[in-house]
Amino acid sequence: MPLRFGRLLVAGLLAGLIAGLIAGTFAYFAGEPRIDAAIAIEEQNTLGHGEAGGGEELVSRGTQKNVGLILATSLYGIAMGGFLATGYTLLRRRLRTGSDTRAAIGLAAAALTGIVLVPFVKYPPNPPAVGDPATIDQRTTSYLAVLVLGLVAVWAGVLAARTQTHEWRRATAGLLGFVVVVAIAYLLLPAVDEVPGTFPAVLLWKFRIASLGTQVVLWTVLGLAFAALLHRLATSTGPATAEPGTRAAA
Amino acid sequence: MPKAQTVRPLAIPAVSTRLLLTAAGVVILLLALAYLVAFDQGALSRSGMYMHELMHDGRHLLGVPCH
C-alpha cells in the first residue's frame, strides 16, 4: 500500500519547522546587526516612513529581533516545507531517479533556484531605510512575478534537458532553457533602483549577503531534513516499501 | 570507508482527483500562511499591524519587499 499524502505532508511541515528555526538563528547572528545599523540610519533621516523608528512602537525592537524573527522564519519554513512535500508527492514519479534522497534534495535545489536565486539577482532584498513606500505595491507585484518566472525557468531547463540523450548535451540544453527564460523575465520586468546615494555600500552588501544566506540555509536544511524524514519513513514502514515494482505499477 | 547505501524508494500515492483536490486545499492554506508572514497587514491575522510589525525583521531577511 502506498504511503498516505498526510504522512509525507507532516514530514515536509516538520522539516520546514526545523529549517525555519535554523535559518532564523542564522539570520539573528548574520542579519540583525545589519538591520540595527540600517534602522539607525533610518532614524537619522527622521522623516523616513520609519515603521520601526519613531515614537510609539507596536512591537519593541527587542521582540522584533528575536521572537519576531524566529517566528517569521519558522512559519515561512513550515509553509515552504508543505509546498516541498506537496510538490514531491505530485512530481516524484516524473523525477527520473531511484533515489528518494536525490529527488528530495533536487526539488529543494530547484525551488531555491526558482524562488530565491532568480529573484535575488533581479530584485535584491533591501534593509530598512532603502525603498520608496510609494512604489511598494508595484515592487511586490514584480517580486511575485519574478518568483513565478524563476520556477518556470527551472521547469523550462528540465524540459530542455530531457530533449537530449547525451549527458553533456542534456546539461547544455538544460542550462540554455533556464537562461533563456530568466533573460526574458529580467528584460520584461521593470527595474527597481531605490537605494539612496548616501546609504553605505558596505552595509547594503552585508545585509544582502545575510539575507541570501538566510534563504540558502533554509532551503538547504529543508532539503536535507525532508530527505532524512523520507528515509525514516522508508525504513520504518516495512512492507509498504518492500513490494517490488511498486513504483512501476503505480 | 563506509559505502553509500540507497534505500528502496517509498511508494508514493497515485495521483488521483481526490489527491489533487486535497493538494489544492493544502496549497491554499500554505499560501495563506506564507502571505501572513510576507505581506499581511492585519487583513488576515485580525491583529491590526501587530503580527506585521512582529515579523518585520524576518520579512527583510527573507528578501520580501517591505516599505
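Those protein sequence lines, which keep their order, are chains A and B. To convert, note that position 234 of the first sequence is 234 in the numbering used here; the numbers rise steadily by one, no gaps. To convert, note that position 66 of the second sequence is 66 in the numbering used here; the numbers rise steadily by one, no gaps. Idealized CB from N, CA, C, for every residue including glycine.
- Taking 7 Å as the cut-off, the Cβ atoms of B/Pro2 and A/Asp100 do not count as close.
- Around the beta carbon of A/Val146, a 10 Å sphere encloses 16 or more other beta carbons of the protein chains shown; the residue is thus reported as buried.
- Shortest Cα-Cα distance from A/Lys65 to any of B/His60, B/Cys66 and B/Met49 involves B/His60.
- Proximity of the region 123–140 of chain A to the region 155–166 of chain A falls short of the contact definition, fewer than three beta-carbon pairs being nearer than 8 Å.
- With a 10 Å radius around the Cβ and a threshold of 16 neighbouring Cβ atoms, A/Phe226 comes out buried.
- The DSSP-derived three-state label of A/Ser74 is helix.
- For A/Gln164, there is no enclosing alpha helix (DSSP H), as DSSP marks it with neither H nor E.
- Interface residue (Cβ-Cβ distance to chain B less than 7 Å): A/Gly131 is classified as such.
- A/Thr214 and A/Val67 have their alpha carbons spaced roughly 16 Å apart.
- When the Cα atoms are used, A/Arg232 and A/Asp193 turn out to be separated by approximately 47 Å.
- B/Ser47 is bridged by DSSP to B/Met49.
- Against B/Asp57, the close residues of chain A are Ala27, Gly31, Glu32, Ile35, Gln64, Lys65, Gly68, Leu69 and Ala72, in the order they occur along the chain (beta-carbon pairs closer than 8 Å).
- For the C-beta of B/Pro2, not a single chain A residue is nearer than 7 Å; the gap to the nearest is close to 15 Å.
- Chain-ordered, the chain A residues with CB closer than 8 Å to the CB of B/Thr6 read Gly98, Ser99 and Thr101.
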